[in-house]
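*Asks:*
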Amino acid sequence: MLKISDIQVVYNQTPILDQFNLDIAAGEIVGILGPSGCGKSTLLRAIAGFVELAKGEICLNNACLCDCQCFMPPEKRGVGMVFQDNSLFPHLTVAGNIAFGLTKLNKKERQKRVQELLELIRLDGMEDRYPHELSGGQQQRVALARALAPKPSLILFDEPFSSLDKALSEHLAVEIRELLKKQKTAAILVTHTQREAELMCDRYAALNDVYRNIWIDTAA
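1 is the number of the first residue of the sequence shown in the working numbering; add one for each residue after it.
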């Protein structure tokens, strides 16, 4: 489903990622661990299309997202993102945030999709609330629903629990895994916390171990 082949990302003439490879199957949830500055967020930005490759190729569903000759714009990649600060629009309601990326649907279709997702994240009845009226956990669930709304093939999670306490982080990791599996959506989680990867992912590895294709299977 996702195939990353020998990519290199360079910043200020220094390789951040070099000869990096990764394959992810449809519906698979993969975790990548490492300290700040190791390159794991750069990997997500390369997949999403926010940084260009110096070398290599990224393909999703057999379509080239980027290589030395092609570059698909981020909005056309079919990739969603959830950030550590959830990045909800403060001036939009819960429903407005979820519907933000559904510009290709008519009003009735948008309302139906929003309602489906409100029920999925168990926030139905809260569609008219604003982000500041929600708890941290509820805000992250809305951010997930917004990412799921256009039915992407892949969602990228960049330290999504870092601003939450340990108990809530672990609860959300389990909850988000269940939601992704229900939607059969593949995902990559980058985190510095091993326990989050154990709870949310099918397999995980430290970034350095990904280069050597050494993974820990959470089902083992």
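C-beta atoms are modelled at their ideal positions from N, C-alpha and C, and glycine is treated no differently. Keep in mind that this is a model prediction, so the values were computed, not measured.
What does the Cβ neighbour count give for threonine 185, buried or exposed, with the cut at 16 atoms within 10 Å?
*Replies:* Taking the first residue of the sequence shown as 1, we reach residue 185 at position 185. Buried, by the Cβ-count rule.
*Asks:* Per the contact definition of three or more C-beta pairs closer than 8 Å, is the region 104–113 in contact with the region 173–193?
*Replies:* no
*Asks:* On a CA-only basis, which of Arg129, Ser87, Cys38, Leu123 is nearest lysine 210? Give me that one, please.
*Replies:* Mapped onto the sequence shown, residue 210 falls at position 210. Checking the sequence, you will find valine at residue 210 rather than lysine. Ranking Arg129, Ser87, Cys38, Leu123 by Cα distance to valine 210 puts Cys38 first.
*Asks:* Between valine 82 and isoleucine 155, is the Cβ-Cβ spacing less than 8 Å?
*Replies:* The residue given as residue 82 occupies position 82 in the sequence shown. The residue given as residue 155 occupies position 155 in the sequence shown. Contact: yes.
*Asks:* Looking at the unbroken beta strand (DSSP E) that takes in arginine 203, where does it start and where does it end?
*Replies:* If you number the sequence shown from 1, residue 203 lands on position 203. Segment 203–206, the beta strand (DSSP E) holding arginine 203.
*Asks:* Quick check: proline 160 and glutamine 84, are their CB atoms within less than 8 Å of each other?
*Replies:* Start at 1 with the first residue of the sequence shown, and residue 160 comes out as number 160. Start at 1 with the first residue of the sequence shown, and residue 84 comes out as number 84. Closer than 8 Å, so yes.
*Asks:* Apart from the five residues just before and just after serine 36, which ones in its own chain have a Cβ nearer than 8 Å to its Cβ?
*Replies:* Here residue 36 is taken as the residue at index 36 of the sequence shown, counted from 1. Same-chain partners within the cutoff: His192.
*Asks:* Alpha carbon to alpha carbon, how far is leucine 189 from glutamate 170?
*Replies:* Position 189 of the sequence shown, counted from the first residue, corresponds to residue 189. Position 170 of the sequence shown, counted from the first residue, corresponds to residue 170. Each residue's Cα considered, the two are about 13 Å apart.
*Asks:* In whole angstroms, what is the alpha-carbon distance linking isoleucine 58 and leucine 117?
*Replies:* Locating residue 58 in the sequence shown gives position 58, where the first residue counts as 1. Locating residue 117 in the sequence shown gives position 117, where the first residue counts as 1. Going from the Cα of isoleucine 58 to the Cα of leucine 117 covers about 29 Å.
*Asks:* Which residues does DSSP pair with valine 9 in a beta bridge?
*Replies:* Sequence index remark: in the sequence shown, residue 9 carries index 9 (1-based). Leu17, per the DSSP bridge assignment.
*Asks:* Would methionine 200 and glycine 80 qualify as a contact pair, given that the criterion is a beta-carbon distance under 8 Å?
*Replies:* Taking the first residue of the sequence shown as position 1, residue 200 is located at position 200. Taking the first residue of the sequence shown as position 1, residue 80 is located at position 80. 8 Å or more divides the Cβ of methionine 200 from the Cβ of glycine 80.
*Asks:* Does glycine 125 pass the burial test, meaning 16 or more other C-beta atoms within 10 Å, or should it be called exposed?
*Replies:* As a position in the sequence shown, residue 125 is number 125, starting the count at 1. So glycine 125 ends up on the exposed side.
*Asks:* Count the other C-beta atoms from every protein chain shown that fall within 10 angstroms of the C-beta of proline 14, then say buried if there are 16 or more, exposed otherwise.
*Replies:* As a working note, residue 14 is residue 14 in the sequence shown. The sequence as given places threonine at residue 14; proline does not occur at that position. Threonine 14 comes out exposed.
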